[in-house]
Amino acid sequence: MAKQDMDMLVDNELGGDEPRVYELGFHLDPELPTEEVKRAYQDIREFVESKGPIVAEGAPEMLQLAYTISRQGHSGAQVRRDFDSAYFCWVVYETSAPSHAEILSAASADKRIIRFIDLLTDKDAARHAVEMREISLKTPERAPDLEAVAGAELDAALENAVI
């Protein structure tokens with residue numbers, strides 16, 4: 001069965017043209033100039049919004065990737081590029097199955113996107129993620145108290161040595 005046929009089958013089993021909530025997370029090329037990153041995000045956001053309401057979103061943020069992503073170049077030269085960082089963005093939106101397919105097709109065709117994932121979610125989960133992100137931004141990161149850690153390790157080592 002072709003992937004497109006399988007997608008339609010899954011969509012029909014899950015409710016056909018009934019609107020559902022999806023989250024599109026994507027990595028943008030880290031070598032794009034800052035203005036192009038903003039434009040790429042805005043283009044994708046506007047396209048998604050043309051297909052249904054946006055529930056939540058996260059603007060581009062440069063991240064170190066957990067692993068290297070390798071991609072073949074989009075030009076005729078077929079040069080391989082490796083990415084260790086990328087701008088990460090996400091958009092949670094509500095749309096029907098046909099519009100969802102159009103969004104996935106547009107994300108696949110956008111050469112500024114090096115990788116994306118699209119998940120079925122719900123509005124509550126999306127809103128909770130936004131709230132948790134806001135809380136984490138307000139909470140100062142605490143570096144471990146190195147003297148306390150070293151002191152505790154020294155105490156433990158001395159206690160073990162005495163016994």
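Under full-length UniProt numbering, the first residue of the sequence shown carries the number 1, and numbering increases by one thereafter.
C-beta: ideal position from N, C-alpha, C; glycine also.
Legend entry - Cβ neighbour criterion (16 or more within 10 Å) applied to E23: Classification for E23: buried.
Inset, instruction - Return helix, strand or coil for P98, following the three-state DSSP convention. - result: Three-state DSSP puts P98 in a helix.
Inset, instruction - Could you tell me whether the segment 30-46 touches the segment 123-138, using the rule of 3 or more Cβ pairs below 8 Å? - result: In short, these stretches do not touch, since the Cβ pair count stays below three.
Legend entry - Distance CB(F26)-CB(I113) smaller than 7 Å: Result yes, Cβ atoms of F26 and I113 sit closer than 7 Å.
Legend entry - Chain-order list of residues whose beta-carbon lies under 6 Å from that of R115 (same chain, five-residue window excluded): Taking R115 as the centre and dropping the five residues before and after it, the same chain places the C-beta of H27, I69 closer than 6 Å to its C-beta, in chain order.
Inset, instruction - Can you check the segment 29-85 for any alpha helix (DSSP H) of at least 4 residues that lies completely inside it and give the ranges in chain order? - result: With a minimum length of 4 residues, the continuous alpha helix (DSSP H) runs that stay inside the segment 29-85 are 34-51.
Legend entry - Assigned secondary structure, R112 (DSSP; H/G/I helix, E/B strand, else coil): Look at R112 here: in three-state DSSP terms it is coil, with no helix or strand label.
Legend entry - Minimum C-alpha distance to D110 - residue among F47, S85, V55: For the residues F47, S85, V55, the minimum Cα distance to D110 belongs to F47.
Inset, instruction - Rounded to whole angstroms, what's the CA-CA distance from Y87 to S105? Just pull it up for me. - result: If I take the Cα positions, the gap works out to 20 Å.
Legend entry - Beta-bridge partners of H27, as assigned by DSSP: For H27, which the question treats as bridged, DSSP gives the partners F88, R115.
Inset, instruction - Just the C-alpha distance for residue 164 and G58, rounded to the nearest angstrom, thanks. - result: No statement about residue 164 is possible, as the shown extent of the chain runs from 1 to 163 and does not include it.
Legend entry - Buried versus exposed call for T139 [16 or more other C-beta atoms within 10 Å across all chains shown]: That one is exposed.
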